[in-house]
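Chains as they are written, first to last, in this note's numbering: chain A, 1 to 427; chain B, 1001 to 1208.
Think of the CB as a built atom: it goes at the ideal place given N, C-alpha and C, for glycine as much as any other residue.
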Amino acid sequence: MSTRTVEFELSTPGVDAAGRDIRVPLGARAREADDFASEHTLINIGPQHPATHGVLRLVIELDGETVTRCIPHIGYLHSGFEKLAEYRHYNQIIPLTDRTDYLSPMANNVCLAMASEKLMGIEITERCQVLRVIACEMSRIISHIVWLGTTGIDIGAFTPFLWLFYQRERIYNLQEAWTGARLTTSLTRVGGMMADIPEGWEAGLRDFCQTFPKVLQEVDTMFTKNAIWCGRNQGVGVISREAAVNGSLSGPLLRSTGVDYDVRKDRPYLGYDTYDFDVPVGEHGDNYDRYLVRLEEMFQSTRILEQALDRLAGLRGAPVNVDDARVILPPKSRAMSDMESMIHHFKQVMEGIRPPVGEAYLGIENPKGELGYYFVSDGTAKPVRWRIRPPSFLNLSALPQMCEGALLSDVIATNASVDIVMGEIDR
Amino acid sequence: MTAAAAASPSVAALRARFGNSILRDRVICGDTVVWVAADRAHEVLSWLRDDPGQGFDYLTDLTAVEYRDGELPLEVVYQLRSLARRADLRIKLELDKAQPLEVESVCDLWAGANWLEREVFDMFGVTFRNHPDLRRILMWETYAEGFPLRKDFPLRGHFSRSEQTRQALAANPEAHYSLEELSIAESYRELSVEMRERLGRGERGEVS
Chain A
1 MSTRTVEFEL
11 STPGVDAAGR
21 DIRVPLGARA
31 READDFASEH
41 TLINIGPQHP
51 ATHGVLRLVI
61 ELDGETVTRC
71 IPHIGYLHSG
81 FEKLAEYRHY
91 NQIIPLTDRT
101 DYLSPMANNV
111 CLAMASEKLM
121 GIEITERCQV
131 LRVIACEMSR
141 IISHIVWLGT
151 TGIDIGAFTP
161 FLWLFYQRER
171 IYNLQEAWTG
181 ARLTTSLTRV
191 GGMMADIPEG
201 WEAGLRDFCQ
211 TFPKVLQEVD
221 TMFTKNAIWC
231 GRNQGVGVIS
241 REAAVNGSLS
251 GPLLRSTGVD
261 YDVRKDRPYL
271 GYDTYDFDVP
281 VGEHGDNYDR
291 YLVRLEEMFQ
301 STRILEQALD
311 RLAGLRGAPV
321 NVDDARVILP
331 PKSRAMSDME
341 SMIHHFKQVM
351 EGIRPPVGEA
361 YLGIENPKGE
371 LGYYFVSDGT
381 AKPVRWRIRP
391 PSFLNLSALP
401 QMCEGALLSD
411 VIATNASVDI
421 VMGEIDR
Chain B
1001 MTAAAAASPS
1011 VAALRARFGN
1021 SILRDRVICG
1031 DTVVWVAADR
1041 AHEVLSWLRD
1051 DPGQGFDYLT
1061 DLTAVEYRDG
1071 ELPLEVVYQL
1081 RSLARRADLR
1091 IKLELDKAQP
1101 LEVESVCDLW
1111 AGANWLEREV
1121 FDMFGVTFRN
1131 HPDLRRILMW
1141 ETYAEGFPLR
1151 KDFPLRGHFS
1161 RSEQTRQALA
1171 ANPEAHYSLE
1181 ELSIAESYRE
1191 LSVEMRERLG
1201 RGERGEVS
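Here it is, written out as structure tokens:
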């Protein structure tokens, strides 16, 4: 029960009927504190609200302006992807992954292909590894751009959003040139890629890597020491290191509390251990540290992209897909001219690939946190179970803990800093 | 392929400590999987978290698997990780589908299990004993078609499309609030009879 008293009577300048200046009180006169503090208010934010970043609904119990309880409701975008996958071939699941975390579709595609390959024990080619690293890091940059831009808007800064979205557009153009799609990329296939990069594509990414850090530095200048930005973010939405580990948080949220765990470093995949990059780690576990961690991750992703481009130059003409008839289609020219290849193509498309009986869990460091795909196979062409370990889902489950006791306006800032994507939470 | 990969050293420690409760273990695609008797699962998981030699302080994931073969039991799967040792372990429990599907909640060990267990309850109908707030999470409170990820659940649901539409249009808007929230808003009287009955049985939430 709040005992806060109203100390000042708020008023605003105005004029009376005779045209003289007077002070007009705002609303009713100050009442006894108990009058309005005795009753808690229940407010509903969402599911359609620009600050909830998707169809998230928060029911918030307020004591005055202080949040005493925050209850998230999810499921408005539930599409049953996990159920659908039980009726599909492995390569047919890839389009579903585009639609889970739709802010980083290429990274999801990579995770799905890698989980299937783990199940089948396939080693992919070196060029494919480098291409997948490029796909993952491009995804990380565009996902963090959306996060930073929209968080800025939530807190009242519109300009960086426009600067950043211009940069995002450049990646989207590259993505479109590579995959033919801007959003639903479906880039990978089990054992390889849907397509190699087109001729001259590297130049565009190289240009991006050279100019993007300058934009980031401008954003850094605008935000990092900005009084409003610091005031709204520092010490807000704090979660302790212990609570973050116990609550299964991952990604920038976990690292902002000081836990040095990044799947790319600690369980290296795609040869990430051979790239030179740093993992930023925060210490306070508040919104501001999460901002710093993500900002630095974008710089580091640019570094990784440059190294990957250098490697790609040395792998010109190297094969992208594995030489494994179980998973890879024969070249179209052969399928149209040679009987064996045509039968192979037909069986592959109609029957799908068949992993052995078994199960595999594979986690990768997605922009939002650790994305894990868990496959259980019974030896048929369709998985028994496809489980998505959704990073946003677990990160969001800690939101009440971060908001309770804070002000209502902090809920918006904190929810933005958690960086959720509802497609992945609801699946 | 890491078919010949050695099992995690935790397996030997588990067998030494829990004996017959450790049903079997296998290395599948390089990951160690241990099947544990369901009645001692909480004890085993608690030990794995707290024993200094194990230190599995991070619950990566919690889910369930039902096989197409109806004879096989339903499995509840825990993906554990030790952040300090950078080690992983997968623990599985088997639940006989002829019996009520019930296991002990691990929310007291890992707070992250809260929503994960709610999801397993929502999708598979597994009840987690001592869970602080076990209710549907992705489907809505009054969803009546069953548990979507069970194999006996058709892809498009049990009800026809017209029945689903009729129910959606006839839904009580108050049903969009959980009982817990309604208890704050004191609109208990607005609840549907069925929800009030469930509340009366003390199924969840507290209403003044």
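Span separating the alpha-carbon of residue i from that of residue j
i       : j       : result
A/T3    : A/G251  : The predicted position of A/T3 is uncertain, since its pLDDT is 33 and thus under 50; a value taken from the coordinates is nonetheless stated next. So the two alpha carbons sit approximately 40 Å from each other.
A/M422  : A/G358  : 30 Å
A/I145  : A/D426  : 22 Å
B/G1112 : A/Y261  : 17 Å
A/V279  : A/P268  : 13 Å
A/L329  : A/H344  : 8 Å
B/R1085 : A/E296  : 26 Å
B/E1141 : A/H73   : 11 Å
A/K83   : B/L1074 : 16 Å
A/Y291  : A/G258  : 14 Å
A/G27   : A/T66   : Interpretation of A/G27 is limited by its pLDDT of 39, a score under 50 that renders its predicted location unreliable; no figure is taken from the coordinates.
A/R326  : A/S333  : 19 Å
B/S1162 : B/L1155 : 16 Å
A/I43   : A/D289  : 29 Å
A/D273  : A/E202  : 23 Å
A/V293  : A/Y361  : 27 Å
A/L312  : B/P1052 : 45 Å
A/D34   : A/L62   : Its pLDDT being 44, under 50, A/D34 is placed unreliably by the model, and the measurement read from it follows with that caveat. Going from the Cα of A/D34 to the Cα of A/L62 covers about 15 Å.
A/D410  : A/S417  : 10 Å
B/V1126 : B/L1072 : 16 Å
A/D378  : A/P355  : 8 Å
A/L10   : A/L407  : Per-residue confidence for A/L10 stands at a pLDDT of 40, beneath the threshold of 50, marking its modelled position as unreliable; the derived number appears in the next sentence. Computed Cα separation, rounded: 20 Å.
A/G235  : A/H284  : 8 Å
B/E1145 : B/V1120 : 16 Å
A/F36   : A/E404  : Reliability fails at A/F36, whose pLDDT of 48 lies under 50, so the model's placement of it is uncertain and the value that follows must be treated cautiously. Each residue's alpha carbon lies about 20 Å from the other.
Beta strand (DSSP E) segment containing residue i, residue limits
i       : result
A/N395  : Here A/N395 belongs to no beta strand (DSSP E); instead the alpha helix (DSSP H) covers P391 to S397.
A/H40   : From DSSP, A/H40 is part of no beta strand (DSSP E); its letter is neither H nor E.
B/Y1058 : Y1058 to V1065
Closer than 9 Å at the beta carbon, the chain A residues around residue i
i       : result
B/C1107 : Result: empty, since nearest Cβ-Cβ is about 10 Å, beyond 9 Å.
B/V1065 : E359, Y374, V376, V384, R385 and R387
B/W1035 : Here the premise fails: no neighbours, minimum Cβ distance about 13 Å.
Residue span of the alpha helix (DSSP H) that contains residue i, given as start and end
i       : result
B/Q1079 : Counting along the chain, B/Q1079 falls outside any alpha helix (DSSP H), though it belongs to the beta strand (DSSP E) covering L1074 to S1082.
A/D98   : Y90 to D98
A/V376  : Per DSSP, A/V376 belongs to no alpha helix (DSSP H); it is in the beta strand (DSSP E), G369 to S377.
A/I155  : E126 to I155
B/A1087 : No alpha helix (DSSP H) holds B/A1087; the beta strand (DSSP E) holding it covers A1087 to L1095.
A/L112  : P105 to M120
B/L1141 : Reading the sequence as shown, one finds Glu at residue 1141 of chain B and not Leu. Taken as a continuous stretch (DSSP letters only), B/E1141 belongs to no alpha helix (DSSP H), as it is neither H nor E.
A/I171  : T159 to T179
Chain A contact residues for residue i, given Cβ-Cβ distances below 8 Å
i       : result
B/I1028 : G358, E359 and A360
B/W1278 : One cannot answer for residue 1278 of chain B here, as it falls past the ends of chain B, which runs 1001 to 1208.
B/D1057 : V245 and N246
Distance CB(residue i)-CB(residue j) smaller than 8 Å
i       : j       : result
B/I1091 : B/R1118 : no
A/R127  : A/V320  : yes
A/I122  : A/P400  : no
A/I197  : A/L305  : no
A/A51   : A/N415  : yes
A/I412  : A/H89   : no
A/V190  : A/E117  : yes
B/S1209 : B/L1109 : Because chain B spans 1001 through 1208 in this model, residue 1209 of chain B falls outside it and cannot be assessed.
A/I141  : A/I171  : yes
B/Q1054 : B/L1062 : no
A/F223  : A/P160  : yes
A/A381  : A/E351  : yes
B/D1025 : B/V1011 : yes
Contact set between residue i and chain B, taken where Cβ atoms lie within less than 7 Å
i      : result
A/G80  : P1148
A/K118 : C1029
A/L408 : Chain B residues near A/L408: none, gap ~15 Å exceeds 7 Å.
Cross-chain neighbours of residue i in chain A, by beta carbon under 7 Å
i       : result
B/Q1079 : Y361
B/R1068 : D378 and V384
B/I1137 : I74 and G75
Chain B residues whose Cβ lies nearer than 8 Å to that of residue i
i      : result
A/V259 : L1083
A/Y87  : L1155
Residues that residue i contacts on chain B, provided the C-beta gap is smaller than 9 Å
i      : result
A/K83  : M1123, P1148, L1149, F1153 and L1155
A/D101 : Correct list: empty, because the minimum Cβ distance to chain B is about 16 Å.
Exercise. Would you call the segment 388-396 of chain A and the segment 224-233 of chain A touching, i.e. three or more CB-CB distances under 8 Å?
Worked result: Two segments are said to touch when three or more pairs of C-beta atoms, one from each, lie closer than 8 Å; by this definition the segment 388-396 of chain A does not touch the segment 224-233 of chain A.
Exercise. Would you call the segment 106-115 of chain A and the segment 182-190 of chain A touching, i.e. three or more CB-CB distances under 8 Å?
Worked result: Taking a contact to require three or more Cβ pairs closer than 8 Å, the segment 106-115 of chain A and the segment 182-190 of chain A qualify as touching.
Exercise. Would you say the segment 162-177 of chain A touches the segment 210-221 of chain A, given that touching needs at least three Cβ pairs under 8 Å?
Worked result: Contact between the segment 162-177 of chain A and the segment 210-221 of chain A is present, with at least three C-beta pairs closer than 8 Å.
For this session: Answer yes if the segment 1026-1038 of chain B comes into contact with the segment 131-141 of chain A, meaning at least three C-beta pairs across the two stretches below 8 Å, and no otherwise.
Result: Contact between the segment 131-141 of chain A and the segment 1026-1038 of chain B is not established, with fewer than three Cβ pairs separated by less than 8 Å.
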